[in-house]
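J.: Numbering (this note's numbering), first residue to last: 4 to 431.
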Ligand code: UD1
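1) Can you say whether residue 383 is buried or exposed, counting buried as having 16 or more other CB atoms within 10 angstroms of its CB?
2) State buried or exposed for residue 234, treating a residue as buried only when at least 16 other CB atoms are found within 10 Å of its CB.
3) Out of 37, 80, 149, state which residue places its alpha-carbon closest to the alpha-carbon of residue 106.
4) Out of curiosity, what's the CA-to-CA distance linking residue 331 and residue 80?
5) Below 8 Å, how does it come out for the stretch 12–28 and the stretch 61–70: are there three or more Cβ pairs, yes or no?
6) Spell out the partners DSSP gives residue 288 in its beta bridges.
7) Quick check: does the Cβ of residue 175 come within less than 7 Å of any heavy atom belonging to the ligand UD1?
8) Take the Cβ of residue 340 as the centre, count every other Cβ of all protein chains shown within 10 Å, and call the residue buried at 16 or more, exposed below.
9) Three-state secondary structure (DSSP) at residue 323?
10) Please list the terminal residues of the continuous beta strand (DSSP E) segment that includes residue 99.
11) Which first and last residues belong to the alpha helix (DSSP H) in which residue 399 is found?
12) Would residue 243 and residue 275 be called neighbours here (beta carbons separated by less than 8 Å)?
13) From the DSSP output, read off the bridge partner residues of residue 307.
14) Within 10 Å of its beta-carbon, does residue 404 have 16 or more other beta-carbons around it, so buried, or fewer, so exposed?
15) Per DSSP, which one or two residues make a beta bridge with residue 331?
16) What does the alpha-carbon distance come out to for the pair residue 389 and residue 11?
17) Mind checking who residue 148 pairs with in its DSSP beta bridge?
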């Protein structure tokens with residue numbers, strides 16, 4: 004398995020242009036199925052999760068063509084409604100094909116999705132939302148057989164938690180349901196807004212995206228469209244964190260500043276000096292040691308994103324003072340804590356709360372990227388550690404960060420990717 008090898012202590016400085024958002028690109032690519040037409044999705048990041056999504060699209064019979072960051076999907080040749088277990092297991096987001104398949108074919112046969120090991124990640128809310136639209140769900144031999152025999156019908160649905168994925172599945176399925184769907188307690192993440200914008204370009208009538216109550220007037224059919232994916236707000240935090248922890252300077256280009264209030268205000272609390280230029284450029288300058296983060300609490304958007312929690316914890320490890328970080332979204336999202344402790348960090352975890360006592364310097368160690376965001380955070384920690392840090396499990400990071408080591412090296416970091424020994428031996 005590949006690893007990142009980081010020599011800490013190099014100050015980062017320069018410019019970086021952000022990739023398109025993984026969490027927008029995946030549902031939008033899946034939603035192309037519901038159009039049964041040709042769609043062009045621009046600014047698609049080069050990620051293994053995107054590759055997995057394209058493999059599912061091809062398996063379903065769609066023609067997929069990638070040129071640079073543009074992906075063209077021709078879903079007019081769709082001929083499958085079953086996703087085999089091996090493809091489903093490649094990532095958690097494979098469940099996002101449920102709504103599109105039901106919309107396009109009235110059927111979907113899926114197994115439990117895979118993805119990061121950050122907790123149970125059940126799919127009950129997805130299934131309840133589909134059932135409300137008239138879908139019959141049967142569990143049979145490890146597979147979920149879903150069918151909308153009498154067609155999808157609009158309904159009033161209230162989510163017990165504003166799940167991002169369940170909101171997306173419901174939006175896509177309801178777009179072509181008969182009648183009106185009202186979804187209350189919908190997720191409000193920017194990626195929901197982006198998916199609604201794409202679907203509306205395809206002829207859907209979705210109102211209220213980003214506001215918590217979605218009203219979806221079902222239309223007979225969708226048509227193809229072109230759409231540009233919004234910038235990745237989580238990758239933004241990774242790069243800002245990398246610059247901040249090394250006492251560096253960074254100009255971020257292509258940032259959606261309007262989506263980043265909570266994360267930026269946490270960074271400012273930690274002493275990062277930020278200057279915003281227009282709507283999409285941000286400069287970070289560090290002139291002193293990071294200060295502690297008094298209370299960071301992950302919340303659904305517009306709160307502080309759970310996906311940015313690990314990166315901020317890496318900063319807290321070397322900040323002056325004690326930080327309190329509470330994770331409320333996933334029950335098992337402190338896996339990076341043990342790894343940071345191996346690097347000398349002082350962290351105590353009690354339930355969902357981590358108390359981080361900042362120290363002056365972490366020390367390099369061999370650590371494991373147990374999930375995507377944890378892996379990126381360990382790389383960030385390694386940039387400020389004394390000596391060499393080897394972050395194994397680079398493949399987890401590749402799920403969500405486009406060529407992380409190349410971009411960080413361009414900014415002055417000493418980082419390289421290394422295949423592990425037995426893999427190198429296999430190749431030779
Ligand atoms: C999406 C993001 C992920 C982010 C998360 C929360 C994508 C591809 N992934 O994941 O990066 O961390 O939102 O912002 O967009 N839950 C249930 N039942 C369900 C569905 C969810 O109990 O049917 C629970 C989950 O276990 C979790 C919480 O709800 O504790 C949030 O999950 P959800 O918002 O659905 O996250 P994802 O869509 O999986």
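Note that CB positions come from ideal geometry on N, CA and C, so glycine has one too.
T.: Per the coordinate set shown:
1) buried
2) buried
3) 37
4) When rounded, the distance between both Cα atoms is 42 Å.
5) Look at the beta carbons and you see the stretch 12–28 not touching the stretch 61–70: under three pairs across the two are nearer than 8 Å.
6) 252, 276
7) no
8) buried
9) Residue 323: strand per DSSP, three-state reduction.
10) Taken as a continuous stretch (DSSP letters only), residue 99 belongs to no beta strand (DSSP E), as it is neither H nor E.
11) Taken as a continuous stretch (DSSP letters only), the alpha helix (DSSP H) holding residue 399 covers 397–401.
12) yes
13) 301
14) buried
15) Bridge partners of residue 331: none, in fact.
16) 6 Å
17) Looking at the DSSP assignment, residue 148 forms a beta bridge with 112, 141.
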